[in-house]
Amino acid sequence: MDQNENTIYVLSGYAKCATANNSKYKLGNKHSIGLLTTDENYQDNINKHETFIKNLGWDSISFCMVEEVADINTLSNDVLISSFIRAKQNGQSLVVNDLPIIVH
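Whatever position you read off the sequence shown (first residue = 1), add 78 for the numbering used here.
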């Protein structure tokens, strides 16, 4: 199997909760996020990825770092492992840190 077929690109950054009726996150709070995608051309398709995140109720999206993960066994966090699996199945998956960076 080709190495690229196993690679997940993890775009890490921040986003602001834009959904007032979100029971888990408070409107206006900023959270760290991770977008896991199989899209090798993620830079060219960044608008598509931002639209995906906005449709989930987030805005003011900023990515700071990208990592490549080819082996699920290198992940030790259960949330990242399940997100890795979802990304492999669906092409992308969003992880949001429950603790806000800025509390209003």
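All C-beta atoms, glycine included, are put in the ideal place defined by N, C-alpha and C.
As the structure is a computational prediction, the values presented were derived from the model and not from experiment.
Measure the CB-CB distance between residue 115 and residue 92 and report whether it falls below 9 Å.
no
For a quick check, are the C-beta atoms of residue 117 and residue 170 less than 9 Å apart?
Taking 9 Å as the Cβ cut-off, residue 117 and residue 170 qualify as a contacting pair.
Cβ-based neighbour list, residue 152, same chain, cut-off 7 Å, excluding 5 preceding and 5 following:
Excluding residues within five positions, none has a Cβ falling inside 7 Å.
Runs of 3 residues minimum, wholly inside the stretch 118-157: which ones carry the beta strand (DSSP E) assignment?
136-147
Collapsed DSSP secondary structure at residue 165 in the structure displayed:
DSSP, reduced to helix, strand and coil, places residue 165 within a helical segment of the structure shown.
Using a 10 Å radius around the Cβ and a threshold of 16 neighbouring Cβ atoms, would you call residue 26 buried or exposed?
Here the chain comprises residues numbered 79 to 182, so residue 26 is not present and cannot be evaluated.
Helix, strand or coil at residue 179 according to DSSP, with G and I counted as helix
coil
Integer Cβ distance of residue 174 from residue 109, believed to fall under 8 Å
5 Å
Could you spell out the range, first to last residue, of the beta strand (DSSP E) harbouring residue 115?
108-115
Going by other Cβ atoms of all chains shown within 10 Å of its Cβ, with 16 needed for buried, is residue 131 buried or exposed?
Its Cβ being crowded by 16 or more others within 10 Å, residue 131 is buried.
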